[in-house]
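Data block below; observations after.
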Amino acid sequence: MFKFLLKQFNYMINGLGEMTQMALSGLSFLIRGKINFRDLFYQMSQIGVDSLFMVSITGLSTGMVLVVQMGNQMVKMGAESYVGGIVALALARELAPNLTAIVVAGRIGSAMAAEIGTMVVTEQIDALHTLAVSPIKYLVVPRVLAAALMLPILTIYANAIGIFGGSFVSVAQVNISLVSFKESILATLLVRDILGGLAKAFIFGIIIGIVGCYKGFKTYGGAEGVGKSTTSAVVLSIMLILIANYFLSVLVVNVNESFFTN
Amino acid sequence: MKFNATSYADEIKKGETIISVRDLYKAFGSKKVLKGLTLDVKKGEILVIIGPSGCGKSVLLKLIMGLLAPDSGKIFYAGKEITKFNEHELNEMRKRFGMLFQGAALFDSLSVGENISFGLREHTNLSKSEIDKIVNEKLELIGLPGIAALSPSQLSGGMKKRVGLARAIAMDPEVLLYDEPTTGLDPVMVTIIDKLTLDMNKKLGCTTILVTHDMKSAFRIADKIAMHFNGQIIEVGTREEIMKSKNPVVKQFIDGSEEGPITISHATVEK
Chain A
12 MFKFLLKQFN YMINGLGEMT QMALSGLSFL IRGKINFRDL FYQMSQIGVD
62 SLFMVSITGL STGMVLVVQM GNQMVKMGAE SYVGGIVALA LARELAPNLT
112 AIVVAGRIGS AMAAEIGTMV VTEQIDALHT LAVSPIKYLV VPRVLAAALM
162 LPILTIYANA IGIFGGSFVS VAQVNISLVS FKESILATLL VRDILGGLAK
212 AFIFGIIIGI VGCYKGFKTY GGAEGVGKST TSAVVLSIML ILIANYFLSV
262 LVVNVNESFF TN
Chain B
6 MKFNATSYAD EIKKGETIIS VRDLYKAFGS KKVLKGLTLD VKKGEILVII
56 GPSGCGKSVL LKLIMGLLAP DSGKIFYAGK EITKFNEHEL NEMRKRFGML
106 FQGAALFDSL SVGENISFGL REHTNLSKSE IDKIVNEKLE LIGLPGIAAL
156 SPSQLSGGMK KRVGLARAIA MDPEVLLYDE PTTGLDPVMV TIIDKLTLDM
206 NKKLGCTTIL VTHDMKSAFR IADKIAMHFN GQIIEVGTRE EIMKSKNPVV
256 KQFIDGSEEG PITISHATVE K
């Protein structure tokens with residue numbers, strides 16, 4: 012049992028090390044300006060198009076449910092003027108970046124692992140090597156960069172549509188006026204709350220891209236292997252997103268407190 | 006045309022050794038695939054490596070290409086020890102090599118033309134019209150003119166192999182490696198691919214290493230045949246020498262008979 016755990020731990024540390032190595036070598040291509048912009052924009056549009064619908068539903072539902080759950084309580088306590096602010100704050104700081112990242116991990120991270128995994132089992136990655144082209148430069152850099160850039164954009168969108176959903180339920184079910192909802196948001200939400208969320212989304216995007224590509228490269232054993240990589244890419248990236256979220260949240264809160272307390 | 010890749014093999018004359026493999030060992034987990042393999046390839050010749058499926062022939066090609074690292078042993082290309090090369094040096098060397106994979110390994114997100122011109126676009130500053138010209142030339146050469154705009158999924162197995170070959174020769178390589186080019190093709194296509202292999206060798210003058218278990222093909226194209234068995238090269242010779250070989254393994258393999266030293270346990274899954 013102990014041996015098994017030790018082996019798993021070893022395996023995990025190894026994996027994290029290899030992913031870091033991949034990220035660093037990608038970064039070195041990035042710094043040297045070796046980016047294929049055509050591919051980058053293609054990947055970005057793929058990520059946007061593929062996840063827009065799911066992010067819409069996630070954002071809308073989250074905003075609506077927040078108000079459903081707390082709206083009536085708040086009205087009873089006479090605190091209806093806080094509802095809009097709480098919804099906006101919860102979305103901007105935590106819910107929008109996290110839920111967007113989890114949805115995109117399921118949709119895009121898995122697609123990356125499947126695509127690269129298929130390239131591995133059909134020897135296309137070997138073919139890239141024989142043509143003297145680095146798969147990191149050709150496949151990893153545009154994908155990770157695209158995910159890192161698209162996640163904040165999708166998060167802004169999730170914020171907006173979440174607030175729209177919240178305001179809709181407030182007006183239709185809880186009897187809070189749109190004006191009071193809006194005033195509450197303006198009084199509570201600060202630009203730095205939004206920026207903190209976007210910074211987290213950027214990091215989540217990097218995690219999704221790196222894990223998706225890494226799991227793809229680690230594929231072996233034909234179609235079954237591709238299936239396994241796909242699943243494990245989603246599981247691992249969601250776990251890493253949740254773990255990273257704690258540390259990033261602590262960081263963001265600390266930065267905010269030390270720079271903006273006065 | 007020499008593009009901007011470093012050439013190592015210019016000073017080597019035709020008929021002199023260009024690639025030499027010395028005492029190569031490679032294992033995957035507990036499965037020992039190569040056990041002290043030694044082999045010499047002369048410049049300009051067509052060397053066909055035959056052997057039972059799963060004996061590690063493809064692994065040997067991947068080791069020569071630097072796609073895998075050996076456990077021990079050395080590989081020299083034009084006198085340089087490539088097993089000591091770093092990634093950059095390996096890439097410089099790979100620009101002088103072309104490889105045709107078993108399943109052709111075309112990039113399915115790119116068109117046929119983009120596949121063929123991949124190396125040119127990545128490594129040269131040629132204009133689009135010059136690249137298009139080379140693509141059309143290579144398509145002519147493989148007998149499939151005018152298919153540059155198709156996607157690989159629209160091609161048949163034999164066409165894919167031929168496009169894979171066009172991609173491999175796009176940079177005018179010094180060495181061409183073929184990994185079972187005729188496996189899974191109909192007899193007519195096999196003859197066409199064999200003829201192409203001979204053509205490429207003659208027209209481009211490139212050294213050719215071809216891995217196959219198709220004896221008919223081997224006898225049709227080979228300058229020299231090397232028998233790979235049990236992780237080693239057990240016999241090398243011209244077509245006639247191999248045909249008259251006294252070695253029981255070679256004899257059994259040529260005849261395709263069930264009885265002999267090659268048993269079913271040698272035909273395990275190739276990695």
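As you go down the protein sequences, you meet chains A and B in turn. For the first sequence, position 246 (counting from the first letter as 1) is numbered 257 according to the numbering used here, and the numbering increases by one without interruption. For the second sequence, position 196 (counting from the first letter as 1) is numbered 201 according to the numbering used here, and the numbering increases by one without interruption. All C-beta atoms in this analysis are idealised placements derived from N, C-alpha and C, irrespective of residue type, glycine included.
**Q.** Beta-carbon contacts of Gly163 of chain B that lie in its chain and below 6 Å, excluding the five residues immediately before and after
**A.** Leu190 and Met194
**Q.** N-terminal and C-terminal residue of the alpha helix (DSSP H) that Val64 of chain B is part of
**A.** Lys62 to Ile69
Q: Taking the CB atoms as reference points, tell me whether Ser121 of chain A and Val245 of chain A lie closer together than 7 Å.
A: yes
Q: Indicate the three-state DSSP secondary structure (helix, strand or coil) for Leu150 of chain A in the structure shown.
A: helix
(Q) Below 8 Å on C-beta distance, what does Arg99 of chain B contact in chain A? (A) His140, Thr141, Leu142 and Ala143
(Q) Mapping the DSSP letters down to three states, classify Gln237 of chain B as helix, strand or coil. (A) strand
Q. Would you call the segment 43 to 62 of chain B and the segment 112 to 125 of chain B touching, i.e. three or more CB-CB distances under 8 Å?
A. no
Q.
Give me the chain B residues within the contact set of Asp137 of chain A, using Cβ-Cβ distance strictly less than 9 Å, ordered along the chain.
A. Lys67, Met70, Leu72, Met104, Phe106 and Ala110
Q: Answer yes if the segment 25 to 37 of chain A comes into contact with the segment 129 to 137 of chain A, meaning at least three C-beta pairs across the two stretches below 8 Å, and no otherwise.
A: no
Q.
In whole angstroms, give me the CA-to-CA distance for Ser56 of chain A and Pro163 of chain A.
A. 14 Å
(Q) Rounded to the nearest angstrom, what separates Leu72 of chain B and Leu16 of chain A at their Cα positions? (A) 33 Å
Q. Just reading off the alpha helix (DSSP H) that Ala109 of chain B is part of, what are its end residues?
A. Careful: Ala109 of chain B lies outside any alpha helix (DSSP H) and carries neither H nor E.
Q: Compare the C-beta of Leu16 of chain A against all C-beta atoms of chain B and say whether one is closer than 7 Å.
A: no
Q) Is the Cβ of Asn9 of chain B closer than 7 Å to any Cβ of chain A? A) The predicted position of Asn9 of chain B is uncertain, since its pLDDT is 48 and thus under 50; a value taken from the coordinates is nonetheless stated next. It does not; no Cβ of chain A falls within 7 Å.
Q: Tell me whether Met6 of chain B is buried or exposed, calling it buried when 16 or more other Cβ atoms sit within 10 Å of its Cβ.
A: Bear in mind that the predicted position of Met6 of chain B carries a pLDDT of just 46, short of 50, making it too unreliable to give a figure here.
Q | Beta-carbon contacts of Leu77 of chain A that lie in its chain and below 7 Å, excluding the five residues immediately before and after | A | Val98, Ala101 and Gly177
Q.
With a threshold of 6 Å on Cβ separation, who are the neighbours of Lys211 of chain A within its own chain once the five nearest residues in sequence on each side are excluded?
A. Pro108 and Leu259
**Q.** Same chain only: Cβ atoms within 6 Å of Leu103 of chain B, ignoring 5 sequence neighbours per side
**A.** This sequence places Gly at residue 103 of chain B; Leu is not what is there. Only Ala173, Ile174, Pro178 and Leu181 meet the Cβ criterion.
Q) Could you give the distance in angstroms between the alpha-carbon of Asn37 of chain A and the alpha-carbon of Val182 of chain A? A) According to the sequence provided, residue 37 of chain A is Gly. The question's Asn does not apply to it. Those two C-alpha atoms are separated by around 49 Å.
Q) Which two residues bound the contiguous beta strand (DSSP E) that contains Asp61 of chain A? A) First-last for Asp61 of chain A: Phe48 to Lys87, but that is the alpha helix (DSSP H), not the beta strand (DSSP E).
Q | Selected residue, minimal CA-CA separation from Leu156 of chain A, among A:Thr199, A:Gly223, A:Val144 and A:Ile172 | A | A:Gly223
Q | CB contact check: Thr133 of chain A to chain B, cutoff 7 Å | A | yes
Q.
Just to confirm, is the Cβ distance from Ser77 of chain B to Asp184 of chain B under 7 Å?
A. no
Q) Taking 7 Å as the CB-CB cut-off, is Gly124 of chain B touching chain A? A) yes
(Q) Looking at Ser62 of chain A: is its Cβ nearer than 7 Å to the Cβ of Arg154 of chain A? (A) no
(Q) With a threshold of 7 Å between beta-carbons, can Gly163 of chain B be considered close to chain A, or not? (A) no
Q: Check the C-beta distance from Ile239 of chain B over to Val216 of chain B and give it rounded, since I have them as a contact under 8 Å.
A: Between Val216 of chain B and Ile239 of chain B the Cβ distance is about 15 Å, and since that is not below 8 Å, they are no contact.
Q. Can you tell me whether Met12 of chain A is buried or exposed, with buried defined as 16 or more other CB within 10 angstroms of its CB?
A. exposed
Q) So with Cβ pairs under 7 Å, would you call Thr188 of chain B a contact of chain A? A) no
Q. Cα separation between Thr199 of chain A and Gly95 of chain A?
A. 9 Å
Q: Use the C-beta contact count for Ala90 of chain A: other C-beta atoms within 10 angstroms, 16 or more gives buried, fewer gives exposed.
A: exposed
Q: Look at the alpha carbon of Leu131 of chain B and the alpha carbon of Phe234 of chain B, and state the distance between them as a whole number of angstroms.
A: 45 Å
Q: Anything in chain A within Cβ reach of Glu94 of chain B, meaning under 8 Å, just list it in chain order.
A: Simply none; closest approach about 11 Å.
Q. Mind checking whether Ser29 of chain B and Pro75 of chain B have CB atoms under 7 Å apart?
A. Correcting the residue identity first, residue 29 of chain B is Leu in this sequence and not Ser. Going by C-beta atoms, Leu29 of chain B is nearer than 7 Å to Pro75 of chain B.
Q) Which of the three DSSP states, helix, strand or coil, is assigned to Ala32 of chain B? A) strand
Q. Ordered along the chain, which non-local residues of its own chain (more than five positions away) have a Cβ less than 6 Å from that of Phe64 of chain A?
A. none
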